[in-house]
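K.L.:
In my numbering, the protein residues as written are 2 to 453. All C-beta atoms, glycine included, are put in the ideal place defined by N, C-alpha and C. It should be emphasised that the depicted structure is a prediction, and the values quoted were computed from it without experimental measurement. Just passing along the structure, written as structure tokens.
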Amino acid sequence: MIEEDYKIGWRQHFPTYHFNDRDIALAEYGVAAKNLESEERVFLNASNVSLVSSAALGSLLVGSSDRLASVFEDILPPYIISIVLLSIILAFSFVTLKYFSDRQRSIVFSGRKVIILRRMLGLSYGRVQLLLPNWRVEGADQPLAVRLFPGWFTYAAYPFWIVSIISTSVILFLIAYMVKQNQDIFEVSSAGLLIACISVAWFFSTMLIYRVSLLDVHETTRLIFYRRLSRLIGLPLVENIEYIIYRAKLSFYETDRLKIDTDNIKRFLVFVEDKRFYSHSGIDYKSIFRSILGLIKVKPRSGGSTIPQQVVRTLFITDLGKTYRRKFIELSLAPWLTNVFSKDIILEIYISAVRFERGCFGVVEAMEHFWGKVEKKPSNAQAFFLVERVSNVRSRLLVNKIIETAKSAKDKGLMNNSDLRALTLLYENAVRDRKIIASSNEVKKLRTLWGV
């Protein structure tokens, strides 16, 4: 998993900018703070109005049912009147929930802008979060600590409870009234169950409408479901996924800022780790089947994880020891990752953020670890070397795997004899510098097979 700001080894921090004329930034900060205050006031006032108007509308609809039925007695059947009244309360509830979700979005985006401007001006609360909790605007040091949907029992959900409880009560009454007026259509014995089911279905529908309206940038219903499921199976994901994605993108921007040409690395990454990367939707069923055959010793053992699965594992899963549960979550979230990001962005995030060696996250750290410098344009040998080191937490020289994969790369035209010689030297130097653990026989095996 990507490390936080305060941990050693992670170098991406929220940027602090400096201005020749700071008055401009201070003025912008003042405007943003006033906008946030205004949005919060509108939300509060609208909540009060919603409470009164919802109760009034519900009372009106319930109280006018008999009167409307008598007025339209010879014109419309009673059930039509009930359907019209139901449509009114459903439409009112839907529009109200969408309105409050938009207001909540405005509050959160205004709050995030305030935090960004505050950090640009150089103000940080650091680790002091006693009276100013990190999840509130007043104490947050990074904008994504302020969430679009903080929870069902927070201020953001109060409008939902108001609208949902009142509308469900009205719907319960109107359905009961419709059943009573049309006993020739509805069976009395099952009427109670029908009324209860419709009321419960509407309550959960309003919950779904409001929650989906407050999905964050990379959030989907699939992600929400598997986040909850991961908690149930004892393998919770990272707390703030949006923040982790933001940090991963920062590492990609840093790679781009350093003008590192990652084309060769991408080419070898796809070849070594996931040959069908561009054709699957996050899960490679052929690789899974092959790995199962390896487990039962029908075929040689091989990994079945795709590149999206590896990104999910590195960024979002904290406990890598629970292998089977981890694999399940990887398989579940890999399609989500391929839906919210393009394949090229996934490769960029992989190269710039995943673990290349023990304690090395991202290609920049990996280059500095192995070579003491950043290579702007990695050669074929260097690209192969880096990709082969991905997630090699034991720092071992996997001779047989290296030879087999390198020969395959040569057969496919990705490498030539010169590249193989350069690759051998890279491994020799890494072993000499104690970056990779290997015996003299293992190193000699590389030389013998590749003629160095």
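(1) Would you list the one or two residues that DSSP bridges to R356?
(2) Considering N381, what are the terminal residues of the alpha helix (DSSP H) in which it resides?
(3) Figure out for me which residue from D434, K436, R435, Y428 has the closest Cα to the Cα of V444.
(4) Could you please give me the residues that DSSP links to I318 through a beta bridge?
(5) Is it right to say P309 is buried, meaning 16 or more other beta carbons lie within 10 angstroms of its own, or is it exposed?
(6) Apart from the five residues on each side of it in sequence, which residues of its chain come closer than 6 Å, Cβ to Cβ, to F101?
(7) Taking I84 as the reference, which of S94, L175, G31 has the closest Cα?
(8) Who are the near neighbours of A192 in its chain, counting only those whose CB is closer than 7 Å to its CB and skipping five residues on each side?
(9) Could you check what DSSP says for R397 in three-state terms: helix, strand or coil?
(10) Taking its Cβ as the centre, do 16 or more other Cβ atoms sit within 10 Å of W337, making it buried, or is it exposed?
(11) Straight-line CA distance for L86 to R327?
(12) Kindly list the residues whose CB is nearer than 6 Å to the CB of M2, restricted to its own chain and excluding five residues on each side of it in sequence; keep chain order.
(13) Tell me which same chain residues have a C-beta within less than 7 Å of the C-beta of I284, skipping the five on either side of it?
(14) Look at the alpha carbon of E389 and the alpha carbon of A423, and state the distance between them as a whole number of angstroms.
(15) Could you tell me the boundaries of the alpha helix (DSSP H) in which E466 lies?
(16) According to the neighbour-count rule (16 or more other Cβ atoms, all chains shown, within 10 Å of its Cβ), is Y254 buried or exposed?
(17) One question on the structure: do L387 and A407 come within less than 8 Å of each other, judged by their Cβ atoms?
(18) Is S111 buried or exposed, if buried means 16 or more other CB atoms sit within 10 Å of its CB?
(19) Can you tell me which of the three DSSP states I167 falls into?
(20) Quick one: residues in its chain with C-beta nearer than 6 Å to the C-beta of G127, no 5 flanking neighbours on either side, listed in chain order?
(21) Would DSSP call I525 helix, strand or coil?
P.N.:
Reading from the atomic positions:
(1) F362
(2) 381-389
(3) Answer by Cα proximity: Y428.
(4) L238
(5) Residue environment analysis places P309 among the buried positions, since at least 16 neighbouring C-beta atoms fall within 10 angstroms of its C-beta.
(6) Here the set comprises P160.
(7) L175
(8) The residues are V180.
(9) In the structure shown, R397 adopts extended strand secondary structure according to DSSP, grouped into three states.
(10) buried
(11) Using only the alpha carbons, I get a separation of about 49 Å.
(12) Note on M2: pLDDT 41, under 50, position unreliable in the model; no value is reported.
(13) T307, L332, A335, P336
(14) 15 Å
(15) Lying outside 2 to 453, the shown extent of the chain, residue 466 is not represented and no answer is given.
(16) exposed
(17) no
(18) buried
(19) helix
(20) none
(21) The structure shown does not extend to residue 525, since the chain spans only 2 to 453, so no value can be given for it.
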